[in-house]
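In UniProt numbering, the protein residues as written are 1 to 411.
Think of the CB as a built atom: it goes at the ideal place given N, C-alpha and C, for glycine as much as any other residue.
Below is one structure; the comments refer to it alone.
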Amino acid sequence: MKTVEQHISDVLDLVEPLEPVELDLLSAHGGVLAEPVASRVSLPQFDNSAMDGYAVAAADLAGASADEPVRLPVVADIPAGDVSAVAVRRGHCARIMTGAPLPRGADAVVPVEWTDGGRATVAVDREVRVGNAIRRSGEDVEKGATILQRGAVLGGAELAVLAAVGRGSALVHPRPRVVVLSTGAELVEPGSPVGPGQIWESNSYMLAAAALDAGCVAYRHGFTGDDPAAVLATIEDVLAQADIVLTTGGVSMGAYDVVKEVLSGSGTVRFDKVAVQPGMPQGAGTVGESGTPILTLPGNPVSAYVSFQLFVRPALRRLRGLPTDPLPAVHARLTAPVPHSPRGRRSYLRAVLQYDGGEGATPYTARPVTRQGSHQLSALAETNALVVVPESVTELAEGSVVEAVQLPATP
Ligand SMILES: Nc1nc2c(c(=O)[nH]1)N[C@H]1C(S)=C(S)[C@@H](COP(=O)(O)OP(=O)(O)OC[C@H]3O[C@@H](n4cnc5c(N)ncnc54)[C@H](O)[C@@H]3O)O[C@H]1N2
Ligand code: MOO
């Protein structure tokens, strides 16, 4: 059987970061910067007021106090955006709003709270230091400085920085388009009645949602029955909208394992048994003229989920232009024994990981959920970690220290 690491490596060999495209800012959300961005301007671009108040020469307020306020004539009113470039002569002041350009001659701003708020003349009841409440040009960003590094994921903060320096678009690796196909004649769309022997389809929702959580665009293509011609036609149809295709079901040893049947004869898809539990039957390769990567995951829902986290997620990260680091892992103490684990396969047990600050080897505990079958979906929702049981280990006592892989949460 193939090792987990070998399969991850084979999957990664199928994908490259998507070609960068210039996208307007909101469309670039979730994209990964393909080049560093330097600012063409200083921020702020001009000295401006940090408060609503009065622009003054600080020296004019020498000796001002509550008992003996200094009175200054107000020669102008400067709202934010005002470009009428007033100057303030000594002994005068201008009313000024937050963000408005500082007039020539002023070297401090007095907040309105220190004054009587006068419009023609203002009384100021204390002294002010030079530079008070002034935001200097360049104190946020210096012209020419790098504001974002290549590889930055564009979220709200990054888009704000780009917008603030005047960029209307960014060159990014776009979000990959992930098409999810489910196969199986027994599958029925949730919300519709099921007949005898049928089940409601759930894998495509799980995988499409996991792809969205992983920063991709996801399309769900319902399911395609068990007819080889129809499955092949569907796969060919979706290639135009896919940077990667995920299928579930039909890859094992059954007489109707249609994905394996149709893909074995076309493209470069290889089917292997990977030494992992769950998620053993896996296929990976490319299809179509443009060599679109396709990963065929097992149909058992928990197997499909674990396969996504182990094998699909790194591929999606590479498509996005991100490092393919594994999920973070911590050491944790088991709060229950693991009575058996298959020799020669690495088990990933669904578990609830908790920080209890406890003494000893690790401050984390891991409680494996009770229903560990590949078909037992119900405990997935409470699962936040996968406990790793190495290939050579067949049982573990309560209290054993294990590696627990932390699963990503929906952002
Ligand atoms: N003789 C053998 N049988 C099986 C083997 C084996 O090595 N020899 N491997 C087992 C393992 S491990 C797995 S995992 C499954 C994988 O099977 P397939 O990928 O071929 O999946 P299906 O047979 O189509 O379905 C398996 C199971 O999952 C349900 N399913 C499928 N698709 C969906 C869906 N979209 N939503 C919800 N549930 C789905 C399906 O009804 C089956 O119950 O094979 C074992 N067998
Ligand atoms: O590998 Mo299957 O994925 O054991 O249930």
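- What you get when you keep residues with a C-beta closer than 6 Å to any heavy atom of ligand 2 is Gln277, Pro278, Gly279, Met280, Pro298, Asn300, Ser303, Ser374.
- Ligand 1 never approaches Gly197 closely enough for any of its heavy atoms to be under 7 Å from the residue's Cβ.
- Under DSSP, His173 shares a beta bridge with Val32.
- Counting along the chain, the unbroken beta strand (DSSP E) around Ala366 starts and ends at 364-368.
- In the DSSP secondary-structure assignment, Ile294 is bridged to Val245, Gly285.
- In this structure Ala218 is buried. Its beta-carbon is surrounded by 16 or more other beta-carbon atoms within 10 angstroms.
- At least one heavy atom of ligand 1 is found less than 7 Å from the C-beta of Glu186.
- Burial is judged here by how many other beta carbons sit within 10 angstroms of a residue's own beta carbon; Thr121 has fewer than 16 and is exposed.
- Under the three-state reduction of DSSP output, Phe223 falls in the strand class.
- Counting only the Cα atoms, Gly31 lies some 52 Å from Arg90.
- Counting only runs of at least 3 residues, the segment 105-171 fully encloses the following beta strand (DSSP E) elements, listed from N- to C-terminal order: 108-111, 121-124, 146-148.
- Phe308 is classed as buried because its beta carbon has at least 16 other beta carbons within 10 Å across all chains shown.
- Going by beta carbons, Leu26 and Ala315 fall outside the 8 Å limit.
- For the pair Arg167 and Val37, the CB atoms are nearer than the 8 Å cut-off.
- Here Val130 is exposed. Its C-beta has fewer than 16 other C-beta atoms within 10 Å.
- Taking C-alpha positions only, Thr394 is separated from Gly144 by approximately 59 Å.
- For Lys260, the uninterrupted alpha helix (DSSP H) run begins and ends at 258-264, by DSSP.
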